[in-house]
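Quick note: the sequence shown, position 283, residue 734 per our numbering, numbers continuous.
For each residue, glycine too, the CB sits at the ideal point set by N, CA and C.
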Amino acid sequence: MKSLLPLVSLLAIAAAPAADPYAWLEDIEGSRALGQVKAWNAETEQLLTRNPRYEEDRARAKAILDDEAQIAEPETVMGAQVTNLWRDAAHPRGLWRIASLSSYTAGKPEWRTLIDVDALGKAEGKSWVWHGAQCLEPAYTRCMVALSAGGTDAQVVREFDLTAGAFVPGGFVLPEAKSRYTWIDRDHLLVASDWGAGSLTVSGYPRIAKVWTRGTAITAAKTVHEAPASIVGLEVRAPVDATQRWPMIAVNTTFFQSDYIVRLPDGRFAPLPLPPGTDVRDVIDGRAIVSYSKPAGGFDAGVLVAYSLADVAAGRRAVPELVMAPTASQAVEEVSATDHVLWVKVLDDVSGKLLALRRGADGRWSQQAMPLAAASTVHIVGSAGTRDLAFATVEGMLTPPTLYAVGADAKLAAVQSLPAKFDARRYAVAQHFATSRDGTRVPYFLVTKKGATKPAPALIHAYGGFRNAQTPTYLTDQPYRAGPLGLFWVEQGNAFVLANLRGGGEYGPRWHQAGLREKRQNVFDDLHAVAEDLVRTGVSAPKKIAISGRSNGGLLVGVAMQQRPDLYGAVIAGSPLEDMRRYSHLSAGASWIDEYGDPDKPADWAFISKYSPYQNVRAGVRYPPVLFYGSTKDDRVHPGHARKLAALLKANGNTVYFHEYLEGGHAVGADHAEDARRAALLDAFLRRELMEK
């Protein structure tokens, strides 16, 4: 097939040489690079938007995404009130609003708008994207509101008066940076930010934490911790139990390992005596709830353990106590504490379960399963501390989401249920297991149209990294950041697959660690095994299978297309990593060395070089047609990754589509209009390459 992108005036080569002729595409805002991006965008749009279904898909996707029949999830429960960010056609960037908790749990919230993000952006001449708010208990009258220009990870943070409904004149303001912040009390903030030259890590994140006092200049903030530039960065947060706020500094020595420093009630900062490879998940009854990613102190990886903060404050040895040990098929995914209940969401063979845990007088923890639908995806989306309520969504690929208020007594109240957006009776969904090359059973979810002819084109969406589990959600929201693409695909008689590869968190630490560093090939083998299982069972056929992934998933599909061009027929790579020789020197890449290895170390480059997509393009091989999408404003994964691999593939005569959005950041979606366009473009791409040939 004829290549799609205009020729770059460069030699067609089999792999990127030492002197990279595509390095100019790393100049994110450079005129030459942006000129090439715009040309590629225009050609891709010209080819795909003329597809007869494109406009119908775009309009339908926009209507689905903007539908006011959407769940108003609680952003924060604040005493007797709850906040929510609402986006629809009239408010694409969102309304931040508040209602009473009683009206909300009754399913009839009486909303009051606090900030109209679209109107604020228009008034201030900024393309603001909402990044959330932190409000200080118990009064909840003062909040720190974070806004990003164009969707980047960097943000501006400003103090907001909830009672007055306005930003506080002369209040706390953090300038644009990748700041981390939390309240200590009404007059003090704990902040990790860009304090000027030398204050960031190699990864571009803060390494210095300070306490900033109201009424003083930010330059007068007092340093409470300074870490070396070699760490990934500092995080700050303040879990709250029934009586106490516990501000903490997490010193992220690597992406997966942190040391914790807690602010004690007397104002001192003291280290938490935790083993390596532990994460503080929440605080309840004066105890830090900690998850283990490695075995330590007689506890297995994957368990939850409690540490007494009173012992830490008194200088006594904090003796860990077991809270919960998941079974071999389970993984702890989400933890949220209310005043008397620890809510834990676990995955059990990738199906969600919600547990309520309580500590007895003898120090033993009991657990009770909540009566939510089996074989579903469950997410804890909020909690009300004094009422011991958890808010949880429950959904499946064919079952629209329902938001429940779950009581400690196991009583459920449906707060809001979405109406069906398609006739689920026309489709079938099932979980299957493929066998990877080393014998590992790899789960995947398959959706097909009943009565569809086999074999049919198939789309596999996968991730396989960073402990992130991929759980099935309603089909109008599959795959991630492409809206209803999954629905569009299966209603045409095709198959949609969500694969649960190693490297993710579906089975806890062991599942993640099986895909780390030199074990990365396991992840690629798992994807190949799922695709081969579709062929073996007659669901699809070689060259009729598309693969899709974002970010780390974009690396996954970039590798897979090179390893098995005989198996895959189309590739979608969103915000991808592709040049693994350079990744640790681009944007936030240095923070991921714990996941991939360090390409500057010969021993690590020896295994990374075997799969790095940019270094493994082979002359004379015709790879599956690939569509790259991303954002110019992505300050996490450098847009140069996609740009350079697109140019190299194109120069070698391969079929490449390319679309880079100017805004949206790493999520590549500043609003529903962009998400709808992407869903329509991707569907047009898949039809063109898998259905119309």
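Check the Cα spacing between residue 735 and each of 753, 786, 778: the tightest is with 786.
Scanning its chain for C-beta atoms nearer than 6 Å, with the 5 sequence neighbours on each side dropped, one finds around residue 810 the residues 816, in chain order. Residue burial is scored here from C-beta neighbours: residue 616 has fewer than 16 other C-beta atoms within 10 angstroms and is therefore classed as exposed. The beta carbon of residue 671 sits closer than 7 Å to none of the beta carbons in its chain outside the five residues before and after it.
Around the CB of residue 1051, fewer than 16 other CB atoms lie within 10 Å, so the residue is classed as exposed. Restricting attention to alpha helix (DSSP H) runs no shorter than 4 residues, the stretch 1020-1089 encloses them at 1044-1047, 1053-1059, ordered along the chain. Assignment of residue 1001 by DSSP, reduced to helix, strand and coil, places it in the strand class. Within the stretch 524-567, the complete beta strand (DSSP E) runs of at least 3 residues fall at 527-529, 532-539, 542-551, 563-567. A straight-line Cα-Cα distance of about 41 Å links residue 895 and residue 696. Check the Cα spacing between residue 908 and each of 530, 921, 943: the tightest is with 943.
Nearest neighbour of residue 726 by Cα position, chosen from 756, 714, 918, turns out to be 756. Excluding sequence positions up to five before and after residue 742, its CB lies within less than 7 Å of the CB of 729, 730, 732, 755, 783, all in the same chain and listed in chain order. DSSP places residue 626 in the uninterrupted beta strand (DSSP E) bounded by 624-628. Contact between the stretch 848-858 and the stretch 867-884 is present: three or more C-beta pairs spanning the two stretches fall below 8 Å.
In the structure shown, residue 894 adopts extended strand secondary structure according to DSSP, grouped into three states. Contact annotation: residue 1129 and residue 1120 have beta-carbon atoms nearer than 9 Å.
Scanning the stretch 574-607 from its first residue to its last, the whole beta strand (DSSP E) runs of 3-plus residues come out as 579-586, 593-600. Between residue 1076 and residue 1021, the C-beta spacing is below 9 Å. Annotation for residue 605: 599, 627, 628, 629, 1086 place their beta carbon closer than 7 Å to its own, counting only its chain and skipping 5 residues before and after. One Cα belongs to residue 673, the other to residue 682, and the distance between them is close to 21 Å.
In the displayed model, residue 646 falls within coil according to three-state DSSP, outside both helix and strand. For residue 768, DSSP assigns no beta-bridge partner whatsoever. Under the rule that a run must span 3 or more residues, the beta strand (DSSP E) segments found entirely inside the stretch 923-996 read 946-950. The three-state secondary structure of residue 639, taken from DSSP, is strand. The beta strand (DSSP E) runs of length 3 or more contained entirely in the stretch 853-907 are, from start to end of the chain, 853-858, 863-868, 878-886, 892-900. No residue range can be given for residue 827, since it is assigned to no alpha helix (DSSP H) and is classified by DSSP as neither H nor E.
In the structure shown, the three-state DSSP call for residue 1092 is helix. Within the same chain, Cβ atoms closer than 7 Å to the Cβ of residue 505 are found at 499, 1131, 1135, the five residues on either side in sequence being excluded.
Within the same chain, Cβ atoms closer than 6 Å to the Cβ of residue 791 are found at 839, the five residues on either side in sequence being excluded.
Among the bridge pairs identified by DSSP, residue 611 is matched with 594, 618. With fewer than 16 other Cβ atoms from the protein chains shown falling within 10 Å of its own Cβ, residue 553 counts as exposed. Of 720, 511, 533, 945, the smallest CA-CA separation from residue 558 is found for 533. Bridge partners of residue 774 according to DSSP: none are assigned. Here residue 1074 really is in contact with residue 1100; their C-beta atoms are around 7 Å apart, less than 8 Å.
For residue 492, the uninterrupted alpha helix (DSSP H) run begins and ends at 482-499, by DSSP. Per DSSP, residue 1136 is one residue of the alpha helix (DSSP H) stretching across 1123-1137.
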